[in-house]
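Notes to accompany the following structure.
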Amino acid sequence: MTWRLEGTYFENCNCEWVCPCTVSSLVAPATQDRCQVVLVYHIAAGHIDEADVRGMTVAVVADTPRQMTDGNWNLGLIIDANASQDQADRLAAVFSGQQGGPMAALGPLVGKVLGVERAPMDFRDEGLRHSVRIGDAISIEIEDFVPPALGGDTPTRLAGVFHPSNTTLTVAKPLSSRIQAFGMEFPNEGKSAFSAPFEWQG
Numbered sequence: 001m002t003w004r005l006e007g008t009y010f011e012n013c014n015c016e017w018v019c020p021c022t023v024s025s026l027v028a029p030a031t032q033d034r035c036q037v038v039l040v041y042h043i044a045a046g047h048i049d050e051a052d053v054r055g056m057t058v059a060v061v062a063d064t065p066r067q068m069t070d071g072n073w074n075l076g077l078i079i080d081a082n083a084s085q086d087q088a089d090r091l092a093a094v095f096s097g098q099q100g101g102p103m104a105a106l107g108p109l110v111g112k113v114l115g116v117e118r119a120p121m122d123f124r125d126e127g128l129r130h131s132v133r134i135g136d137a138i139s140i141e142i143e144d145f146v147p148p149a150l151g152g153d154t155p156t157r158l159a160g161v162f163h164p165s166n167t168t169l170t171v172a173k174p175l176s177s178r179i180q181a182f183g184m185e186f187p188n189e190g191k192s193a194f195s196a197p198f199e200w201q202g
């Protein structure tokens with residue numbers, strides 16, 4: 001299987017702003033007893049073998065120990081309901097790390113796969129704001145952080161990090177967050193967030 005995906009991503013976790021797990025490339029522990037995060041990827045252009053998957057959105061839901069490198073992560077995927085069954089199967093294979101790429105690096109940390117679900121997705125990028133609505137269970141809106149003292153509209157960026165999405169992430173803050181997935185409920189409103197473009201291949 002050969003594949004290439006590019007688009008935009010954002011995440012929202014329950015750490016106090018700004019998430020030390022991400023800042024430290026997973027070395028520092030989370031600020032809560034567990035790290036609970038949703039990462040959302042919108043594919044602007046891409047294919048998996050001959051299947052065109054542009055316009056699709058995928059959410060990765062993770063519940064991990066406070067020290068993420070301890071492993072035993074609980075991980076689930078939510079695939080865009082607009083995807084055909086063939087597209088959904090191919091997307092699940094890539095986003096689970098089965099087909100290599102950045103997500104494969106997280107594979108050794110996963111202890112339990114919670115499953116793959118399908119849901120309607122409404123993903124939006126509007127300048128500094130990014131949002132998603134996933135069925136009736138998940139609704140998140142974040143805004144990239146622009147330092148008021150500097151003026152302008154350039155957000156703060158974190159460079160040189162180990163992260164599946166990009167080595168440079170934009171620091172953001174959640175404006176609203178409601179997350180219920182795989183029998184879990186995450187209290188992530190007002191916590192930590194990041195955004196970035198992503199470009200993967202395998």
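In this note's numbering, the protein residues as written are 1 to 202.
Ideal Cβ placement from N, Cα and C applies to all residues, glycine included.
Because the structure is a prediction, the values reported are computed rather than measured.
Please determine, among 99, 172 and 168, the residue with the shortest C-alpha to C-alpha distance to residue 147. Along the sequence shown, read from residue 1 onward, the residue named residue 147 stands at position 147. Among 99, 172 and 168, the Cα nearest to that of residue 147 belongs to 172.
Who are the near neighbours of residue 167 in its chain, counting only those whose CB is closer than 8 Å to its CB and skipping five residues on each side? To locate residue 167, count along the sequence shown from 1; it is residue 167. Closer than 8 Å at Cβ, skipping near neighbours: 159, 160 and 161.
Outcome for residue 149 when other beta-carbon atoms lying within 10 angstroms are tallied against a minimum of 16: Within the sequence shown, residue 149 is the residue found at index 149, counting from 1. Residue 149 should be labelled exposed.
Alpha-carbon spacing of residue 11 relative to residue 44, whole angstroms: Position 11 of the sequence shown, counted from the first residue, corresponds to residue 11. Position 44 of the sequence shown, counted from the first residue, corresponds to residue 44. The alpha-carbon atoms of residue 11 and residue 44 are separated by roughly 17 Å.
So residue 129 is in the beta strand (DSSP E); what residue range does that whole segment cover? The residue you call residue 129 lines up with position 129 of the sequence shown. Its beta strand (DSSP E) spans residues 129 to 134.
N-terminal and C-terminal residue of the beta strand (DSSP E) that residue 91 is part of: Walking along the sequence shown from the start, residue 91 turns up at place 91. From DSSP, residue 91 is part of no beta strand (DSSP E) but of the alpha helix (DSSP H) over 85 to 95.
By the DSSP assignment, the alpha helix (DSSP H) with residue 23 in it spans what residues? The residue you call residue 23 lines up with position 23 of the sequence shown. Residue 23 -> alpha helix (DSSP H) spans 20 to 23.
For the pair the segment 128 to 145 and the segment 98 to 110, tell me if three or more CB-CB distances fall below 8 Å. no
Got a sec? Which residues, its chain only, sit under 8 Å from residue 86 by beta carbon, not counting five neighbours each side? Taking the sequence shown and counting its residues from 1, one reaches residue 86 at position 86. Within the same chain, residue 86 has close Cβ partners 51.
Could you check what DSSP says for residue 107 in three-state terms: helix, strand or coil? Position 107 of the sequence shown, counted from the first residue, corresponds to residue 107. Residue state, collapsed to three classes: helix.
Once the 5 residues before and after residue 33 are set aside, which same chain residues still bring their CB inside 7 Å of it? The residue labelled residue 33 in the question sits at position 33 within the sequence shown. The residues are 66.
Spatial neighbours of residue 157 within its chain, please: C-beta separation below 8 Å, excluding the five flanking residues on both sides. Numbered from its first residue, the sequence shown carries residue 157 at position 157. Contacts found: 168, 169, 170 and 171.
Whole angstroms is fine: what's the gap from residue 97's alpha carbon to residue 129's? Within the sequence shown, numbered from 1, the residue matching residue 97 stands at position 97. Within the sequence shown, numbered from 1, the residue matching residue 129 stands at position 129. Near 28 Å, if we compare the C-alpha coordinates of residue 129 and residue 97.
By the 10 Å Cβ neighbour count, where 16 or more other Cβ atoms means buried, how is residue 38 classified, buried or exposed? Here residue 38 is taken as the residue at index 38 of the sequence shown, counted from 1. Classification for residue 38: buried.
From the DSSP output, in three-state form, read off residue 184 for me. Translated into positions along the sequence shown, residue 184 becomes position 184. Strand, per DSSP.
Hey, out of 55, 152, 68 and 42, whose CA is closest to residue 108's CA? By 1-based counting over the sequence shown, the position of residue 108 is 108. Nearest option by C-alpha distance: 68.
Between the Cα of residue 73 and those of 118, 54 and 26, spot the shortest distance and give me the residue it belongs to. Your numbering for residue 73 matches position 73 in the sequence shown. Of 118, 54 and 26, the residue nearest in Cα terms is 26.
Do the CB positions of residue 91 and residue 81 come within less than 8 Å of each other? By one-based count along the sequence shown, residue 91 stands at place 91. By one-based count along the sequence shown, residue 81 stands at place 81. Not in contact: residue 91 and residue 81 (Cβ atoms no closer than 8 Å).
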